[in-house]
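As structure tokens, the structure follows; a few thoughts come after it.
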Amino acid sequence: MMYIEVLDLGKEEKMLIEVLEKISALEDKLTNMEFLFVQSMGTGGAPVSPTPAGGPPAAMSGPVRVDLGPLEKKIVEVEKAITEINGKFAPINDLVSILTSEKSQKADELITQATTLLEKGLQLTELETTMLELKDRLDEITIQMEVANAGAPKNEEIS
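What the sequence shown shows, in our numbering, is residues 895 to 1053, in sequence order.
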């Protein structure tokens, strides 16, 4: 019975390892998305202060218009991707919490069973010790009675 429970814990460990691998894969995807986001931030659009052909750099004299449309689109795409990934993480997190709570519960049950067995073993040891003490005492009483009977006249001698 105890061996079967150990096998069940092994299955749950395999499931937990698979879940952790899936989480790791999703984390890698998220890291890749962050990299792509940073990369897209660095490559969007023309330089802010263009230089005239063959001349010195132009001085900035006023506000510069920058088109944020492509950047906003990419931010929306990243937001959707992050929302999708969070949606994928929710069932995995639920599964991990279920598996860990089941493992914790089984471990608590095993601890309770082991404690009970230990207590019963201690009680049996105490009972065995008490029985041995009683046996020794009975042996002493038997010896004393034999000695007392050895010194007393026998029924045949009295008659």
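The beta-carbon is built from N, C-alpha and C at its ideal position, and this holds for glycine as well.
- Restricting attention to E973, N987, E978 and T977, the CA atom closest to the CA of E915 is found in N987.
- Taking the Cβ atoms as the reference, L1012 lies roughly 29 Å from L910, outside the contact range of under 8 Å.
- Note that the C-beta distance between S934 and K968 is below 7 Å.
- If you draw a straight line from the Cα of I979 to the Cα of L924, it comes to about 8 Å.
- Assignment of D961 by DSSP, reduced to helix, strand and coil, places it in the coil class.
- In this structure, K997 keeps its C-beta atom at 7 Å or more from the C-beta atom of E912.
- Ranked by how close their Cα comes to the Cα of L930, the residues L965, T1024 and K908 have L965 in first place.
- M927 sits away from A1001, with the two beta carbons spaced by 7 Å or more.
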